[in-house]
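All the letters of the sequence shown, read from the start, carry residue numbers 74 to 243 under the numbering used here.
We treat Cβ as the ideally placed atom computed from N, Cα and C, and that holds for glycine.
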Amino acid sequence: MLHRVARVTGLLVVVMSLAAPLARAQTPAPAPSPEALAVARELVTTINMMDQFKALMPAIMQSMKPAIVQGRSDVDHDYDTLTPMLLAGFQARFNELSEAVAIIYASNFTPDDLRGLIAFYKTRVGQKFLQKSPIVTQQSLLAGQKFGQSVAAEMRQRIIEELRKKGHDL
């Protein structure tokens, strides 16, 4: 499980690093209206987004552990001792993240769009979607990772073949 979390975390880091230049290339959006921001905050609460982020934090801490501990038992023990305190400290900052996410939603959707999303998430299907989303997301990331690995292997082989045709010794 930890290996899988580490791979998913690594995949997310790669995706985010690839998306960063695109994000910088976009012109900044105008500040959302107070109405849109208020409705976006309600949406963030309705979809329990902060609970989802909070649930990920222990897995993120565990995924970092091998690189920090590096097999040293004394560091391993201290890492485990510090983890709950650090998690509590970071969880105290989730209001910052909640506000940032609300701004993102408010900047990309109209207040009516956001109300529609809230209405959907309050339905039976919306609640089921929220319940199933973590596993669907995990399975989708794994499928994407498998696909990426198979495509990368095939691409690598084809590139090597083409370079060899051009006389390169690989």
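What does the Cβ neighbour count give for residue i, buried or exposed, with the cut at 16 atoms within 10 Å?
i    : result
A113 : buried
V209 : exposed
L116 : buried
S213 : exposed
A175 : buried
A109 : buried
I232 : exposed
Quick one: grab the DSSP three-state call for residue i.
i    : result
P105 : coil
G162 : helix
K239 : coil
Thinking residue i and residue j are a contact (beta carbons under 8 angstroms), I'd like their distance in whole angstroms, please.
i    : j    : result
P105 : A179 : 3 angstroms
F163 : M130 : 6 angstroms
Point to revise | Continuous alpha helix (DSSP H) assignments of at least 4 residues falling wholly in the stretch 113–156 | key: As far as the stretch 113–156 is concerned, its whole alpha helix (DSSP H) runs of at least 4 residues are 122–142.
**Study point:** Contiguous alpha helix (DSSP H) assignments of at least 4 residues, all confined to the stretch 164–221
**Key:** Qualifying alpha helix (DSSP H) stretches, in chain order: 167–181 and 184–194.
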